[in-house]
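Q:
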């Protein structure tokens with residue numbers, strides 16, 4: 005494989021500079037005040053030059069959103085595979101919520117501006133946060149202890165639970181003084197125990 009040319013390297017460095025500046029602006033002011041004109045001002049590029057790298061604002065935002073998804077997946081992939089399906093689901097939900105708390109703008113970018121790459125249950129995307137949930141759910145259904153629902157339903161439920169808790173904490177309740185970590189633990193434990201209790205009935 006040939007080495008990238010000097011021109012290609014310069015292009016990639018400039019693109020990365022633009023992405024970093026765009027993320028800084030979003031962190032500072034939020035998506036509602038974000039524009040390519042402000043990115044141009046921050047990077048000292050001309051507005052026209054930005055379009056050599058990103059054809060429109062949404063393309064740049066989608067690129068940042070994909071990066072945010074990759075950051076979340078990098079946290080989830082560190083959950084040991086030898087843990088039980090129930091424990092992995094709990095850890096995955098915890099990763100999701102902690103990512104939202106620690107990187108709220110990245111979280112909002114990822115899940116409010118980036119549609120899922122899947123358009124139906126027959127499609128499967130590896131190395132995504134949802135794929136981690138689905139793998140654990142499938143194992144829990146096949147080997148126990150989960151209720152004999154289909155794995156997609158369980159994974160969707162885990163995702164909905166994680167997202168609901170996360171989105172409340174980083175938006176509507178972001179200034180609310182509460183021990184969310186403890187509350188989350190009780191809620192997630194109760195949900196997981198419910199899956200297991202129904203199996204025993």
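Residue numbers (our numbering): 5 to 205. Quick reminder that beta carbons are idealized off the backbone N, C-alpha and C, glycines included.
1. How would you call residue 110, buried or exposed, if buried means at least 16 neighbouring beta carbons within 10 angstroms?
2. Taking only three categories from DSSP, how would you classify residue 150?
3. Quick check: the Cα distance between residue 104 and residue 87, rounded to an integer number of angstroms?
4. Taking Cβ to Cβ, would you say residue 199 is nearer than 8 Å to residue 158?
5. Which residues in the same chain as residue 133 place their Cβ atom closer than 6 Å to its Cβ, once the five residues preceding and following it in sequence are excluded?
6. Does the Cβ of residue 92 have 16 or more other Cβ atoms within 10 Å, making it buried, or fewer, making it exposed?
7. Using DSSP with H/G/I as helix, E/B as strand and the rest coil, what is residue 192?
8. In angstroms, rounded to a whole number, what distance separates the CA positions of residue 204 and residue 20?
9. Between the beta-carbon of residue 155 and the beta-carbon of residue 135, is there less than 8 Å?
10. In angstroms, rounded to a whole number, what distance separates the CA positions of residue 144 and residue 90?
11. Taking the alpha carbon of residue 114 as the reference point, which residue from 42, 168, 57, 69 has its own alpha carbon closest?
12. So, helix, strand or coil for residue 119, using DSSP?
13. When we look at the beta-carbon of residue 82 and count the other beta-carbons within 10 Å, is it buried (16 or more) or exposed?
14. For residue 101 versus residue 188, is the C-beta spacing smaller than 8 Å?
15. Roughly how many angstroms lie between the CA atoms of residue 54 and residue 22, to the nearest whole one?
16. Should residue 87 be listed as close to the ligand COA, given that the test is whether its C-beta is under 7 Å from any heavy atom?
17. Do residue 162 and residue 73 count as a contact pair if the criterion is CB distance below 8 Å?
18. Give a yes or no on whether the C-beta atoms belonging to residue 39 and residue 61 are separated by under 8 Å.
19. Rounded to the nearest angstrom, what separates residue 195 and residue 48 at their Cα positions?
A: Judging by the given coordinates:
1. Around the beta carbon of residue 110, a 10 Å sphere encloses 16 or more other beta carbons of the protein chains shown; the residue is thus reported as buried.
2. coil
3. 24 Å
4. Residue 158 is positioned such that its CB atom lies closer than 8 Å to that of residue 199.
5. Closer than 6 Å at Cβ, skipping near neighbours: 76, 77, 80.
6. Looking at its Cβ environment, which holds 16 or more other Cβ atoms inside 10 Å, residue 92 is buried.
7. helix
8. Its pLDDT being 47, under 50, residue 204 is placed unreliably by the model, and the measurement read from it follows with that caveat. Looking at the two C-alpha atoms, the distance is approximately 53 Å.
9. no
10. 7 Å
11. 69
12. coil
13. The residue is exposed, with fewer than 16 neighbouring Cβ atoms inside 10 Å.
14. In contact: residue 101 and residue 188 (Cβ atoms closer than 8 Å).
15. 8 Å
16. Looking at this structure, you won't find the ligand COA or any other ligand, since it has none at all.
17. no
18. yes
19. 51 Å
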